[in-house]
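**Q**
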Amino acid sequence: MKVVNVKTETFTEEVENSKEPMMIDFYATWCGPCKMVGQVIDEIAKEYDGNVKICKIDVDAEPELAVKYRIMSVPTILTMRNGEVIKRVTGARTKNNIISMLDELK
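Counting from 1 along the sequence shown, just add 1060 to a position and that's the residue number in this note's numbering.
1. Taking the beta strand (DSSP E) that residue 1116 belongs to, which residues open and close that run?
2. From the DSSP output, which residues share a beta bridge with residue 1084?
3. With a cut-off of 8 Å, do at least 3 Cβ pairs link the region 1073-1086 to the region 1109-1128?
4. Under 8 Å Cβ to Cβ from residue 1066, same chain only, skipping five residues before and after it: list those, please.
5. By alpha-carbon positions, which one of 1097, 1137, 1154 ends up nearest to residue 1146?
6. Sort out for me which residues DSSP pairs residue 1065 with in a bridge.
7. Please check the pair residue 1088 and residue 1134, which I expect to be a contact at CB under 8 Å, by giving their CB distance rounded to whole angstroms.
Put into structure tokens, the structure is as follows:
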């Protein structure tokens, strides 16, 4: 599954109306740890194809979405089911940490 880059205009359709369990990576292009986590998330998206929707939101390009979810630092990863936040972690995480978060959605 490809990673979905969510914009304010597509947020309702991609996130709020989605019935799939999902993970959202809030990141910034200038953030070193975000780049590392982003590469891991791209790998995971291939492995979890069809099981979990993987989204990314650039906090600088979409500040209103960052405010909506009270994102104070990046990277921040949310897991969600039926529009509700299940788990939130901030800071760089290993692939195994992120996979554990996704496994909790099952």
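Just so you know, even glycine gets a beta-carbon here, dropped at the ideal spot from N, CA and C.
**A** On the basis of the supplied data:
1. Here residue 1116 refers to the residue found at position 56 when the sequence shown is read from its first residue. 1113-1118 is the extent of the beta strand (DSSP E) around residue 1116.
2. Residue numbering aside, residue 1084 sits at position 24 when the sequence shown is read from its first letter. Residue 1084 pairs with 1115, 1138.
3. At 8 Å Cβ cutoff, the stretches touch.
4. By 1-based counting over the sequence shown, the position of residue 1066 is 6. Cβ within range, chain order: 1074, 1075, 1084, 1115, 1116, 1117, 1122, 1125.
5. Taking the first residue of the sequence shown as position 1, residue 1146 is located at position 86. The option with the nearest alpha carbon to residue 1146 is 1137.
6. Translated into the one-based positions of the sequence shown, residue 1065 becomes position 5. DSSP links residue 1065 through a beta bridge to 1116.
7. Your numbering for residue 1088 matches position 28 in the sequence shown. Your numbering for residue 1134 matches position 74 in the sequence shown. The C-beta distance from residue 1088 to residue 1134 rounds to 5 Å, short enough to meet the 8 Å contact threshold.
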